[in-house]
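What follows is one structure encoded as structure tokens, with my remarks underneath.
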Amino acid sequence: MSHSEAGREEPPESPELVESVIIRFAGDSGDGIQTTGALFTQDAAVSGHDISTLPDFPAEIRAPAGTVAGVSSFQLNFSSRDIHTPGDRPDVLVAMNPAALKTHLADLIPGGMVIVNEDSFTPQSFKKAGIKSDPREDGTLDGYAVHSLPVTSVTMRAVEPVGLGKKNSERCKNMFMLGVVCWLYDRNTDVIERLIDAKFAASDPKTAQANRLALQAGHSYADTARLVPHRYHVDQAQLPPGKYRRITGNSAAALGFVAASKLAGRTLVFASYPITPASDILHELARLRNFGIKAGQCEDEIAAMGAAIGAAYAGALGLTATSGPGLCLKSEAIGLAVMTELPVVIVNVQRGGPSTGLPTKTEQADLLQAMFGRNGESPVAIVAPQSPSDCFDMAIEAFRIATRHMCPVFFLSDGYLANGSEPWRVPSPEELPAFGATGSLDADNFQPYARDPDTLARPWVTPGMPGLEHRIGGLEKQDGSGEVCYEPENHERMVQLRAKKIERIADDIPLLEVFGPEQGELLVLGWGSTYGAIRTAVERSKSGGASVACAQLRYLNPFPSNLGEILDRFDQVLVPELNAGQLRLLLRARFLKDVQGLNKVQGQPFRTWEVQEKIDSMLGLNLRKLHGGTADSGSLSGDKQQGAIS
Amino acid sequence: MSDTFPLKYTRDDFRSDQVVRWCPGCGDYSILAQVQRVMPRICAETQTPRENIVFISGIGCSSRFPYYMDTYGFHSIHGRAPALALGLKIARPEMQVWVITGDGDGLSIGGNHLIHAIRRNIDVKILLFNNRIYGLTKGQYSPTSEIGKKTKSSPYGVIAQPVNALGLALASRATFIARTLDTDSKHLQEVLLRAAHHRGTAFVEILQNCNIFNDGAFDDIKARDVRDDRLLFLEHEKPMRFGAGGSKVLIPSGAAHDTHFAAVAEAGHGMDRALVHDEASENEGFMYALANMDYPEFPVPMGVLRAVEQATYEDLVEHQIEEARERQGPGDLQALLDAGECWTVE
Ligand SMILES: Cc1ncc(C[n+]2csc(CCOP(=O)(O)OP(=O)(O)O)c2C)c(N)n1
Ligand code: SF4
Ligand SMILES: [Mg+2]
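So the sequences go chain by chain: A and B.
Terminal number for the first sequence in the numbering used here: 995, no gaps in between.
Terminal number for the second sequence in the numbering used here: 467, no gaps in between.
Pasting the structure below:
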């Protein structure tokens with residue numbers, strides 16, 4: 350491109366080839382950090398890398414500018430290999446202000462690269478960030494490769510011709526920074542310019558132009574100024590052939606539900622109430638009126654749950670989505686769906702709790718609530734996607750199970766999956782299997798609670814079917830007839846039937862797959878979103894010769910039918926979870942197996958090294974055991990000490 | 122549609138095989154009987170086959186109602202019936218949905234859903250059985266219990282103001298609002314028929330006697346010897362008359378143009394100034410005053426207070442779907458999955 354060649358005297362050096370790069374963008378939540386990260390990610394994805402992202406933002410929409418509380422960040426891992434996580438510690442930190450530098454510097458790898466906006470390094474901003482002196486001069490940055498660039502001032506000059514005014518011109522500085530980063534990784538700005546145009550060109554051509562100019566300016570600045578001794582290049586990854594797009598967990602879930610509606614041949618009715626980090630599912634589905642999707646916002650979560658049940662009763666796919674506090678409100682109505690045996694899907698995008706907790710952070714602490722958080726013996730099915738793109742498949746699974754087995758199904762995602770992204774091989778609708786309800790509708794011998802002999806599901810009879818008029822409700826049902834019944838033995842039988850119906854789902858879901866040796870010293874068993882960190886840690890330990898395998902549960906109730914047998918094939922089992930040990934509790938109760946925990950409740954996903962360290966220590970313990978040392982007691986408190994990360 | 126509906130139902134077609142379990146003498150029996158009696162007519166006039174009728178209730182004595190109707194029925198959870206009705210109507214707009222609720226179910230625990238159901242104007246008929254008490258839980262005060270009322274949970278007397286259901290419905294912009302009585306079988310049937318014909322939320326308060334926990338709650342307005350003076354039966358485009366032989370009328374109070382407050386006059390003096398009821402009146406202040414009229418200052422308004430046409434929520438959903446399809450074409454799943462920047466790996 351001509352603008353990057355102006356003024357150059359020496360021939361360009363060839364970029365250094367690297368396998369993977371972990372880069373973290375950080376700045377004020379008003380600095381457009383999430384947009385910057387998303388654009389660079391898209392560029393990396395389209396360039397054929399495998400990617401994985403971790404956005405992290407404050408709960409406040411606009412915390413005071415320049416403060417540590419207002420720092421937002423976005424981490425991207427892009428690679429020429431198959432990767433499963435956004436990476437542990439960044440190789441490069443892009444900090445738009447001192448507060449961002451202060452917050453994130455400790456995570457940077459030793460000797461890593463720091464790029465800062467020197468225009469934001471002023472005495473006032475040090476004060477806001479709560480630092481005493483300029484970190485560029487007081488030794489804080491010793492040992493790092495530091496590039497301090499006049500980002501704001503050059504941006505202002507670059508976009509001046511557009512005439513946006515001071516404030517809006519300054520807002521383009523994130524694009525300048527992005528231009529610098531593009532240069533650093535041997536990329537032109539074409540894809541990002543296209544994305545900018547797609548977003549703004551029609552509605553706001555001036556903003557589009559200014560953003561493009563700032564981006565190009567950053568690229569040329571880096572090129573001309575030779576700010577870094579050299580640039581880097583990451584090759585394309587070897588992904589299986591196919592058409593790909595980058596997708597977040599919430600988008601994938603929304604698309605999965607649309608696909609489910611098509612596969613089931615039933616209308617999707619989605620009722621929800623806004624709550625972070627689940628709202629994006631509402632936003633995505635609300636746009637799709639032309640698909641006949643009936644998505645809407647209710648007065649509260651109770652109403653949303655009620656509407657989903659009403660829709661399921663009417664024969665539609667009834668769906669609701671929420672996060673922890675909202676799930677509490679839905680509990681009573683979920684019990685009604687258990688009693689009336691109606692197929693509804695409840696999405697819980699878990700966040701840090703209890704109460705309002707950490708609204709924008711991730712956690713897996715609602716597993717037991719999903720299992721048991723209702724009055725009475727009230728079993729439901731639970732699925733948990735293991736990666737952003739897996740949200741698509743599990744959304745379809747949730748409705749397949751709900752409609753085939755006539756029960757509420759929980760879809761336990763979390764903030765990490767919801768906002769994180771990865772490449773997704775786009776399926777064609779023909780690849781996806783159609784599904785439907787079981788149960789017979791014979792008007793002569795009709796009974797609303799007659800059961801399918803295989804699944805124990807009751808028939809999905811809906812209003813409008815002549816001759817099948819009947820009443821259902823939350824009072825205990827008589828086995829078969831469904832009439833109100835208070836008989837003691839009948840109640841017990843119904844409790845057992847409802848439980849058995851959920852257990853039988855195990856015959857209808859895939860067996861658990863083990864990655865690594867089929868038997869050995871250690872199995873690392875995770876569930877849901879911890880897949881990436883566990884898988885990467887086990888890959889690394891295995892390559893170091895350890896006898897370790899991993900498996901990830903995507904079906905939590907019922908468990909895959911081979912789980913018990915797999916547990917028995919390993920000397921030790923480790924369960925890493927972002928909670929205080931909820932799956933571990935279930936496994937110990939169910940299999941009487943002394944599984945160990947690695948538990949983290951910091952609102953942050955696992956880093957690979959955290960899991961790897963635990964694996965090493967457990968295998969080390971085993972060695973000591975062989976040599977006659979003391980074995981780990983396996984007690985809860987013992988686990989905590991071993992597993993807690995401070 | 123001019124053709125008569127081919128199906129001819131009788132009252133028995135709406136009786137389920139369940140044994141009715143209200144206390145002997147409960148006002149709910151009469152309401153059930155009138156609903157079952159008027160249903161054949163409703164089905165014929167609204168061209169609705171029985172299988173398209175759904176009764177959805179919350180929890181309470183009143184909410185047992187669906188079990189006794191041989192239609193589709195859903196006895197849900199306390200206060201949430203309007204939420205279920207919303208989902209049902211959005212999924213299947215062709216269903217005729219009746220919500221059965223009580224003064225506790227609809228105005229206390231489910232108050233929020235009631236307001237929002239009404240505000241959305243979903244096409245459901247909401248029958249609120251108001252016995253001014255919690256029947257099923259054996260006699261605690263309810264949001265409609267009068268100040269000073271002593272109940273098990275208010276041994277020193279109720280100290281909160283009661284809710285006027287019609288006022289609440291009006292404030293929520295209900296498109297159909299009516300009040301009737303368990304014991305007035307003819308009026309009850311007439312109001313139910315009107316509600317059935319209304320497209321949109323039809324809110325009907327039914328004054329209902331709980332002879333066990335709040336017996337005679339409405340005697341001071343409906344007893345034979347006082348009812349003429351204390352009940353005002355509203356009729357569209359007719360002067361608002363009451364009293365024996367229509368001896369009293371409602372007239373505007375204060376200045377000639379001030380219709381915000383109504384007053385009572387003997388018909389002889391006030392006839393020419395008698396207010397005429399307009400179900401579609403846009404005089405909100407006056408309608409609000411009318412809705413909230415209560416004994417002893419005023420007669421209690423009965424019948425249809427308000428009936429206006431307005432698009433229903435589910436119609437608007439369907440309309441948006443049609444419009445979106447015209448503008449964007451029908452949804453294409455493959456195109457949706459492919460949306461955004463894609464790339465191909467060979
Ligand atoms: C969540 C919940 N809270 C409390 C109850 C107990 N309960 C059942 S009915 C009722 C009040 C019913 O009063 P109302 O709606 O006036 O109906 P009525 O029995 O008078 O017809 C209460 C408090 C319940 N079933 N569910
Ligand atoms: S308690 Fe009152 S409302 Fe309930 S059934 Fe008995 S009389 Fe009717
Ligand atoms: Mg009551």
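Using N, Cα and C, we set each Cβ at its ideal position, and we do this for glycine too.
For a cut-off of 8 Å, the C-beta gap from Gln646 of chain A to Leu634 of chain A is around 11 Å, too long to register as a contact. Taking 9 Å as the cut-off, the beta carbon of Ile177 of chain B is found no closer than this to the beta carbon of Phe250 of chain B. By the neighbour-count definition (other C-beta atoms within 10 Å, threshold 16), Ile280 of chain B is an exposed residue.
A contact between stretches requires three or more CB pairs, one per stretch, nearer than 8 Å, and the stretch 739 to 751 of chain A fails this requirement with the stretch 565 to 578 of chain A.
Per DSSP, Asp377 of chain A is one residue of the beta strand (DSSP E) stretching across 369 to 377.
For Asp491 of chain A, no pairing in a beta bridge is given by DSSP.
Note on Ala449 of chain A: 16 or more other CB atoms within 10 angstroms of its CB, so buried under the neighbour-count rule. Closest option to Phe606 of chain A, judged by alpha-carbon separation, among B:Gly321, B:Pro373, B:Leu454: B:Leu454. Taking a C-beta distance under 9 Å as the contact criterion, Tyr416 of chain B and Asp244 of chain B do not qualify as a contact pair. Where Leu923 of chain A is concerned, the enclosing beta strand (DSSP E) starts and stops at 919 to 926. At least one heavy atom of ligand 1 lies closer than 8 Å to the C-beta of Leu257 of chain B. In the three-state reduction of the DSSP assignment, Gly194 of chain B falls in the strand class.
A distance below 9 Å separates the beta carbons of Arg723 of chain A and Val687 of chain A. By the Cβ rule, the stretch 248 to 267 of chain B counts as touching the stretch 283 to 300 of chain B, because three or more pairs are nearer than 8 Å.
9 Å or more divides the Cβ of Ala767 of chain A from the Cβ of Leu604 of chain A. If you check the C-beta of Asp715 of chain A against ligand 2, you find no heavy atom less than 8 Å away. Per DSSP, Val758 of chain A is one residue of the beta strand (DSSP E) stretching across 758 to 763.
Of the heavy atoms belonging to ligand 3, none sits nearer than 8 Å to the Cβ of Cys144 of chain B. At least one heavy atom of ligand 3 falls within 8 Å of the beta-carbon of Phe250 of chain B. In the structure shown, the three-state DSSP call for Phe363 of chain B is strand. For the stretch 446 to 467 of chain B, the set of residues with a beta-carbon nearer than 9 Å to any beta-carbon of chain A comprises Arg446, Glu447, Arg448, Gln449, Gly450, Pro451, Gly452, Asp453, Leu454, Gln455, Leu457, Leu458, Asp459, Ala460, Gly461, Glu462, Cys463, Trp464, Thr465, Val466, Glu467, in chain order. By the Cβ-count criterion, Phe297 of chain B is buried, with 16 or more other Cβ atoms from all chains shown falling within 10 Å of its own Cβ. At a cut-off of 9 Å between C-beta atoms, Ala212 of chain B counts as an interface residue with respect to chain A. A straight-line Cα-Cα distance of about 6 Å links Pro404 of chain A and Gln424 of chain A.
Distance from the CA atom of Ile239 of chain B to the CA atom of Glu311 of chain B, rounded to whole angstroms, is 21 Å. The beta carbon of Gly148 of chain B sits closer than 8 Å to at least one heavy atom of ligand 2. Cβ neighbours of Leu388 of chain A within its own chain (closer than 7 Å, five residues either side excluded): Leu527, Ile541, Leu544.
The secondary-structure analysis by DSSP pairs Pro407 of chain A with nothing; it has no beta-bridge partner. Listed in chain order, the beta strand (DSSP E) runs fully inside the stretch 318 to 352 of chain B are 323 to 328, counting runs of at least 3 residues. Under the three-state reduction of DSSP output, Asp393 of chain B falls in the helix class. By the Cβ-count criterion, Phe908 of chain A is buried, with 16 or more other Cβ atoms from all chains shown falling within 10 Å of its own Cβ. In the structure shown, the three-state DSSP call for Pro797 of chain A is coil. Annotated three-state conformation of Phe186 of chain B is helix, per DSSP. The Cβ atoms of Ala665 of chain A and Arg615 of chain A lie closer than 9 Å to each other. Within chain A, the residues Arg638 have their CB atoms less than 8 Å from the CB of Gln441 of chain B, given in chain order. Among the residues facing chain A, Pro187 of chain B is included, as its CB has a counterpart in that chain under 9 Å away.
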